[in-house]
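Mapping to the UniProt record's numbering: the sequence shown position 43 is 43, numbers consecutive.
Ideal Cβ placement from N, Cα and C applies to all residues, glycine included.
Worksheet: one structure, shown below.
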Amino acid sequence: MTKNPAVIVEGKDDIKFYKNLCENIKKNIEVIAVDNIKGVADGCTGVIECIESIQDDIKKNINNLKYILGIIDGDVRCYRDEIPNNIYGIFVLKYYSYESHFVTRQNLKNIVGLTASVGKSYIDDKTLDYIEKDVQNDYKKIFYVSLEALKNACIKEYDSIISYKDKPEYIFNNLYTGKNIMKSLMRKKNQLDEFAKQYNITFSDFKKVIKGKWLLYTYYNSVYRNLKKLPDACRNNIITKCQYCKSGQPEKCLWNLDYNYKLEYIISIALNYYDNNELEYINDRLKQLA
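Given below as structure tokens:
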């Protein structure tokens, strides 16, 4: 066992996320990517292998659980009955991946406060409702995309048009262009609905089913479109009107974005805001370490 507590994570992308969580709860915990450990596989398989290899030490002294923890993404494990409940020292995220935890209204409010000239006190629910007005429809699209990918992951002989291995760029270039994979998926809608029913999946499970990177792109792409429309919404009294639009100077509207921000930048800053309400269950588990 290590002298100081250590958390073993799936890869490079996870290090910053978990290290920041540890620092936020004022815990001196070392975060180690499993691909830096010799003799084990990469990713979640390697994390499980590492923790499995020390089960005898843990059983000899249960206090050792305060010094080691392996954290893995939810992925499709709960739908393939692959949750390693019989292994001490493994913690499984309740969503598909850690990125899924950055899709919150509080994160959106922080982003609006950073990118527009208006003060945070003006960013009310009416404004946030406007920015998020298309999100549910976009979620429904990516939900069926994800059901197709999940079915592919759970049923070996299934002939799928989508895989969880597909990158967000591929998915969304096809969703919003003439190729439009939604047309193909909607022809399978009844079959996908039946699959969801068999696996006890409802739309409310979208954070478990939608791949984290896909969810990030879907949400922030949706709100990004309406962020750019805030000045028009202000002039037309759809959202809380700023003082410049009230005084007849709409060209100075405080809802204008400060710069011509790109979607990639919006997503990158979203990943720097940690919503404690969303992350409480992970923080609680980390606090159990020494």
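Check for me: the alpha helix (DSSP H) holding residue i runs from which residue to which?
i           : result
I90         : It is not in any alpha helix (DSSP H) - I90 instead sits in the beta strand (DSSP E) that spans I90 to V92.
E52         : G43 to E52
A196        : K189 to Q198
V135        : V135 to C154
C245        : Q243 to K246
R80         : Premise fails: R80 is in no alpha helix (DSSP H) and is neither H nor E.
T240        : It is not in any alpha helix (DSSP H) - T240 carries neither H nor E in the DSSP assignment.
F206        : F206 to V209
L215        : G212 to L227
N180        : Note, N180: premise wrong, no alpha helix (DSSP H); not H, not E.
A270        : L263 to A270
residue 368 : Only positions 1 to 290 of the chain appear in the structure, and residue 368 is not among them; the question remains open.
K59         : Q55 to K60
D284        : N276 to K287
Pull up the DSSP beta-bridge partners for residue i, would you.
i    : result
G70  : I8 and I90
I32  : I8
L257 : A116
Quick check: what's the CA-CA separation for residue i versus residue j?
i    : j    : result
Q191 : I162 : 15 Å
N20  : K141 : 32 Å
K34  : Y259 : Strictly speaking, residue 34 in this sequence is Val, with Lys absent from that position. Rounded to whole angstroms, V34 to Y259 spans 39 Å at the Cα level.
C50  : V40  : 7 Å
E223 : K66  : Before going on, a small fix: residue 223 reads as Val here, not Glu. Whole-angstrom Cα-Cα distance: 41 Å.
V76  : K252 : 48 Å
E82  : I155 : 14 Å
M186 : N24  : 44 Å
F206 : L128 : 21 Å
I48  : D42  : 10 Å
C22  : Y98  : 14 Å
N283 : F102 : 15 Å
F17  : L147 : 27 Å
Tell me which residues share the same chain as residue i and place their Cβ nearer than 8 Å to its Cβ, disregarding the 5 neighbours each side in the sequence.
i           : result
Y281        : K94
E30         : T2, N4, P5, A6 and V7
N174        : N180 and I181
I131        : L108, V112, V223, N226, L227 and L230
residue 299 : Shown here, the chain extends from 1 to 290; a query on residue 299 therefore has no answer.
residue 302 : In the structure as shown, the chain starts at 1 and stops at 290, and residue 302 therefore has no counterpart that could be examined.
Y122        : T240, C242 and L254
Once you ignore the five residues that flank residue i on each side, which residues in its own chain have a CB closer than 6 Å to its CB?
i    : result
I44  : A small fix is needed here, since residue 44 is Cys in this sequence, not Ile. Excluding positions up to five away in sequence, the list reads E10 and I72.
R285 : F91
S184 : I161
I15  : V31 and A33
Using a Cβ-Cβ cut-off of 7 Å (strictly less than) and excluding sequence neighbours within five positions of residue i, which residues of its own chain qualify?
i    : result
Y164 : A149, A153 and K211
N28  : N4
Y79  : L150, C154 and Y199
Taking CB distances under 7 Å as the criterion, tell me whether residue i reaches chain C.
i   : result
K19 : In the structure shown, chain C cannot be found, because there is only a single protein chain.
Legend entry - At least three beta-carbon pairs within less than 8 Å, the segment 62 to 71 to the segment 259 to 276: no
Inset, instruction - Take every Cβ of the segment 232 to 249, pair it with every Cβ of the segment 101 to 111, and state whether three or more of those distances are shorter than 8 Å. - result: Contact fails: fewer than three Cβ-Cβ distances are below 8 Å.
Inset, instruction - Give a yes or no on contact between the segment 157 to 174 and the segment 205 to 221, applying the rule of three or more CB pairs nearer than 8 Å. - result: yes
Inset, instruction - Evaluate the contact criterion for the segment 148 to 159 versus the segment 236 to 243: three or more CB pairs, one atom per stretch, below 8 Å. - result: The segment 148 to 159, when compared against the segment 236 to 243, does not touch it at the 8 Å Cβ threshold.
Inset, instruction - Would you check if there are 3 or more beta carbon pairs closer than 8 Å linking the segment 84 to 91 to the segment 50 to 63? - result: yes
Inset, instruction - Tell me, please, whether the segment 125 to 138 touches the segment 194 to 202 by the rule of three or more beta-carbon pairs shorter than 8 Å. - result: Two segments are said to touch when three or more pairs of C-beta atoms, one from each, lie closer than 8 Å; by this definition the segment 125 to 138 does not touch the segment 194 to 202.
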